[in-house]
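Engineer: Numbering (this note's numbering), first residue to last: 377 to 546.
Built from N, CA and C at the ideal position, the CB exists for glycine as well.
What follows is the structure in structure tokens.
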């Protein structure tokens, strides 16, 4: 896909969203089923069923997906797609590359061992290794726009209000 194809694909959507802003709001959903015998949750991904469980650092067997890894994988996927879309729109010459993310977790927090240890990541690093000859200013523009338009990056950097509720069948 080139820049012209991308603009043609997105132009009617942009026009629609300008004319009817509410039509741009889409509620994405995720669903999982609690395992009836183990400490696990089976998450429907749309492509496969992923069983998430305890990380080995919290006593898990290491055979199930870790939700922390899944969060980083979502960041890598979103950032990679966003970078490719921005590069396409900018007609940025990109031969290839990789995206990686890593995050630091102090499991004392989630295990309740130390009240001063955060529950969750205390730092996340996202990295692109690109195969390009583009000049530094174009790379800086690509970086800035990728950061600005990546949904997962922005959600992590600027968390929205969240709510948790528990319903029962009684």
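Tell me the DSSP secondary structure of residue 544 in three-state form.
Structural biologist: On the chain shown, position 168 is the one that residue 544 refers to. The answer is coil: DSSP assigns residue 544 none of H, G, I, E or B.
Engineer: How should residue 451 be labelled, buried or exposed, when 16 other C-beta atoms within 10 angstroms of its C-beta is the threshold for buried?
Structural biologist: Your numbering for residue 451 matches position 75 in the chain shown. Buried, since its Cβ has 16 or more Cβ neighbours within 10 Å.
Engineer: Specify, as a first and last residue, the run of the beta strand (DSSP E) that residue 477 falls within.
Structural biologist: As a first step, residue 477 must be located in the chain shown, where it is residue number 101. Residue 477 -> beta strand (DSSP E) spans 472-481.
Engineer: Name the one or two DSSP bridge partners that residue 418 has.
Structural biologist: Translated into the one-based positions of the chain shown, residue 418 becomes position 42. Note: residue 418 sits in a beta bridge opposite 409, 427.
Engineer: What whole-angstrom Cβ distance do residue 514 and residue 468 have, given they're in contact under 8 Å?
Structural biologist: Indexing the chain shown from 1 puts residue 514 at position 138. Indexing the chain shown from 1 puts residue 468 at position 92. With 8 Å as the limit, residue 514 and residue 468 qualify as a contact, their Cβ atoms being about 6 Å apart.
Engineer: Between residue 531 and residue 412, what straight-line distance do the alpha-carbon atoms span, to the nearest angstrom?
Structural biologist: On the chain shown, position 155 is the one that residue 531 refers to. On the chain shown, position 36 is the one that residue 412 refers to. So the alpha carbons of these two residues sit roughly 32 Å apart.
Engineer: Give the range of the beta strand (DSSP E) segment to which residue 499 is assigned.
Structural biologist: Mapped onto the chain shown, residue 499 falls at position 123. It spans 497-507 - the beta strand (DSSP E) in which residue 499 sits, taken as one unbroken run.
Engineer: Please report the distance separating the alpha-carbon of residue 503 from that of residue 476.
Structural biologist: On the chain shown, position 127 is the one that residue 503 refers to. On the chain shown, position 100 is the one that residue 476 refers to. Between residue 503 and residue 476, the C-alpha separation is close to 5 Å.
Engineer: Can you say whether residue 545 is buried or exposed, counting buried as having 16 or more other CB atoms within 10 angstroms of its CB?
Structural biologist: Along the chain shown, one-based indexing puts residue 545 at 169. Classification for residue 545: exposed.
Engineer: Can you look up residue 516 in the DSSP assignment and give me helix, strand or coil?
Structural biologist: Reading the chain shown from its first residue, position 140 is the one you call residue 516. In the structure shown, residue 516 sits in a helix (DSSP, three-state: H, G or I).
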